[in-house]
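Under the working numbering, the letters of the sequence shown match residues 73 to 549, in that order. Report on the structure given below.
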Amino acid sequence: MPPSAIPDAAAAAPARPLRRTLALGGAVVALLLSLAVGLTSQAPTLWGLLPIALYAVLALTGLDLVLVTGVALISAALVALPSPGRAGDVLGASVTDPVTVIGLIIVLGSAAGEVLRRTGVADTLVRGIMRAAAGRGTTVLMYGMMAACMVLVAGLGTLAGALSIAAPLLVPVAARAGFTRSATAATMFLGGCAGLALAPFAGSNIAIMNTADAGYFTYVAVGAGPLAVLSLLLAAVVVPWVQRRSAARGDHYLPEEVTEERQVTPTPQEAARTRRATWVFVGTLAATVCYATLTKADTTFPLIALPLLIVVTAAAAGLSPRSAGAAVLTGARRMLPMLLLFWMLAALFGFIDLLQPYDVVLDRFGPGLRGLSAVPFALAVAALGWVGVPGATAAQVILIGEVFGPLGDELGIGPAAWVIILLWASKADTYGPLPNANMVGAMGMARADRLPYLLGTGWALLVPACALYTVLLVLVL
Numbered sequence: 073m074p075p076s077a078i079p080d081a082a083a084a085a086p087a088r089p090l091r092r093t094l095a096l097g098g099a100v101v102a103l104l105l106s107l108a109v110g111l112t113s114q115a116p117t118l119w120g121l122l123p124i125a126l127y128a129v130l131a132l133t134g135l136d137l138v139l140v141t142g143v144a145l146i147s148a149a150l151v152a153l154p155s156p157g158r159a160g161d162v163l164g165a166s167v168t169d170p171v172t173v174i175g176l177i178i179v180l181g182s183a184a185g186e187v188l189r190r191t192g193v194a195d196t197l198v199r200g201i202m203r204a205a206a207g208r209g210t211t212v213l214m215y216g217m218m219a220a221c222m223v224l225v226a227g228l229g230t231l232a233g234a235l236s237i238a239a240p241l242l243v244p245v246a247a248r249a250g251f252t253r254s255a256t257a258a259t260m261f262l263g264g265c266a267g268l269a270l271a272p273f274a275g276s277n278i279a280i281m282n283t284a285d286a287g288y289f290t291y292v293a294v295g296a297g298p299l300a301v302l303s304l305l306l307a308a309v310v311v312p313w314v315q316r317r318s319a320a321r322g323d324h325y326l327p328e329e330v331t332e333e334r335q336v337t338p339t340p341q342e343a344a345r346t347r348r349a350t351w352v353f354v355g356t357l358a359a360t361v362c363y364a365t366l367t368k369a370d371t372t373f374p375l376i377a378l379p380l381l382i383v384v385t386a387a388a389a390g391l392s393p394r395s396a397g398a399a400v401l402t403g404a405r406r407m408l409p410m411l412l413l414f415w416m417l418a419a420l421f422g423f424i425d426l427l428q429p430y431d432v433v434l435d436r437f438g439p440g441l442r443g444l445s446a447v448p449f450a451l452a453v454a455a456l457g458w459v460g461v462p463g464a465t466a467a468q469v470i471l472i473g474e475v476f477g478p479l480g481d482e483l484g485i486g487p488a489a490w491v492i493i494l495l496w497a498s499k500a501d502t503y504g505p506l507p508n509a510n511m512v513g514a515m516g517m518a519r520a521d522r523l524p525y526l527l528g529t530g531w532a533l534l535v536p537a538c539a540l541y542t543v544l545l546v547l548v549l
């Protein structure tokens, strides 16, 4: 590091603590304002929107989202100032609220992902797909890598966790085939993000279906499906473009990275159990998704499907009850803060409902809203995805639905349109226009270090996807 950079680094070091201090100070002021409003106003009142505004502002400062949600909940309680009995009713009802259920689904999804990792099912899925693509040319190999990432992310419901499993297997294959680091990262990014959009039990996708009151078939038909197809089609152009540009800059893997990491060779019995568990998992997942689609099961269905997947996969792999329980606890423990967050979100909305701010909005602006076109409103709400809640797309979806749902219903926006709006509002910032954690994560897994290529990959999908979803919105509205 050059000496001139040292003072700059030292000056930047306290920036985050200073920003945190300012944000917490602002939160205290907002809570005092909430108390003053609660003492001087009565429902229905527009002041009921104050906690949501506070939530959005604090989330954008980078504070821990659980802390932000707790502050917003306290603000809502201060503005409402309910009796102790009424407050207890709100807090109690929030335990079984659909919003809290989404948090529980996220916990169960993490537990299922850990079981797939420990049983070797996740590893086997990737290896099986890559064996099918081997020896068929670089284009087929690229789509094999995309498919491996897409299937694994869709099954686990998490991008970072799935790519961390796939990368040690894919990188040596890509290196031996002559793929550059950046081309490998772009392939994993496009495949993984498509899989995340399709994941039937991912928390953010469950939140979209719950908020839009739509089933998985509708969600895939107008939302996730077009995005996944567009990703696959554009990959044929984007990845070769990244390959040519990055190869010219010497972005190749080192010789030692061509060798796949050594792993313990399983016994024939262990390999057979893992293959059996993989087929059982794939079959059960397909059956549960088909059942949910055909019967139009509600969004609580994952509470049955995920434990079923855990049990049958662990049993097929010969995992002892103790080992299976340890895997479940390890996976679930990572996401317990999310369960608390969603319970607080449910309670937050419960207190806001006591204040009836949306009734005031509709009373004042409802007649005028009926004369507006639904398409500009839908596009404006979808564009809010670029000013979203960092690190919690499911929470972002719920907030957008809570704030704009009544207005959208007034304009006649139906479930299919809401799926498009909420999916793009929650996932658009994954592709740009600025760098984000998903891009950086894919780069890290692929051992790439040239961000402009990932930004270009994201932009190449972002622009046509915006046009595609605009057309779909016009068709469904």
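All residues carry an ideal CB built from backbone N, CA and C; glycine is no exception. What you are looking at is a predicted structure, and each value in this text was computed from that prediction instead of being measured.
- Note on the region 234–296: whole alpha helix (DSSP H) runs with a minimum of 4 residues are 253–270, 275–284, 288–291, in chain order.
- Between the alpha carbons of Ala194 and Ile237 lies a distance of about 7 Å.
- In this structure Ile376 is exposed. Its beta-carbon is surrounded by fewer than 16 other beta-carbon atoms within 10 angstroms.
- Following the DSSP letters along the chain, one finds Gly192 in no alpha helix (DSSP H), marked with neither H nor E.
- Within its own chain, the residues whose Cβ lies closer than 6 Å to the Cβ of Leu381, once the five positions on either side in sequence are excluded, are Ala184, Thr356, listed in chain order.
- Proximity to Asp323 across Ala246, Tyr288, Ala131, Val301 peaks at Ala246, based on C-alpha coordinates.
- Taking the Cα of Gly200 as reference, the smallest distance to any Cα among Arg189, Thr191, Val243, Met217 is reached at Met217.
- A buried status is given to Gln468, since no fewer than 16 other beta-carbon atoms sit within 10 Å of its beta-carbon.
- Using a 10 angstroms sphere on the CB of Cys221, the tally of other CB atoms reaches 16 or more, which defines it as buried.
- Assignment of Arg522 by DSSP, reduced to helix, strand and coil, places it in the coil class.
- Between the C-alpha atoms of Gly110 and Ala165 there is a straight-line separation of about 22 Å.
- Straight across, the Cα-Cα distance linking Thr191 with Ser498 is about 32 Å.
- The beta carbon of Ala266 lies closer than 6 Å to those of Met222, Ala300, Ser303 in the same chain, with the five residues before and after it left out.
- Taken in chain order, the region 479–544 contains no complete beta strand (DSSP E) segment of 3 residues or longer.
- Here the alpha carbon of Ala358 sits roughly 12 Å from the alpha carbon of Ala226.
- Setting aside the 5 residues that flank it on each side, Ser254 is surrounded in the same chain by Val314, Ser318, Asp323, Ala520, Arg522, Tyr525, each with a C-beta closer than 6 Å to its C-beta; the list follows chain order.
- If you check the CB distance, Thr283 and Leu494 come in under 7 Å.
- Check the Cα spacing between Gln428 and each of Leu139, Ala128, Thr117: the tightest is with Thr117.
- Between the region 284–298 and the region 481–491 there are three or more C-beta pairs closer than 8 Å, enough to call the two in contact.
- Under the 8 Å Cβ criterion, the region 139–158 counts as touching the region 96–109, having at least three qualifying pairs.
- With respect to the 7 Å criterion, Tyr288 and Thr230 are not classified as neighbours on the basis of their beta carbons.
- Rounded to whole angstroms, the separation of the alpha carbons of Thr196 and Val167 is 38 Å.
- Of the residues assessed, Tyr215 falls on the buried side of the cut-off, its CB having 16 or more other CB atoms within 10 angstroms.
- Annotation for Tyr541: Ile492, Trp496 place their beta carbon closer than 6 Å to its own, counting only its chain and skipping 5 residues before and after.
- In the same chain as Thr256, and ignoring 5 residues on each side of it, the C-beta atoms closer than 6 Å to its own belong to Ala246, Ala518, in chain order.
- For Arg406, the uninterrupted alpha helix (DSSP H) segment begins and ends at 393–406.
- Residue Phe421 holds the alpha-carbon nearest to the alpha-carbon of Leu163 among Gly528, Phe421, Gly473.
- The alpha carbon of Pro536 has as its nearest neighbour, out of Pro393, Leu121, Tyr503, the alpha carbon of Tyr503.
- Taking the C-beta atoms as reference points, Thr211 is found no nearer than 7 Å to Ala249.
- Note that the C-beta distance between Pro374 and Phe273 is below 7 Å.
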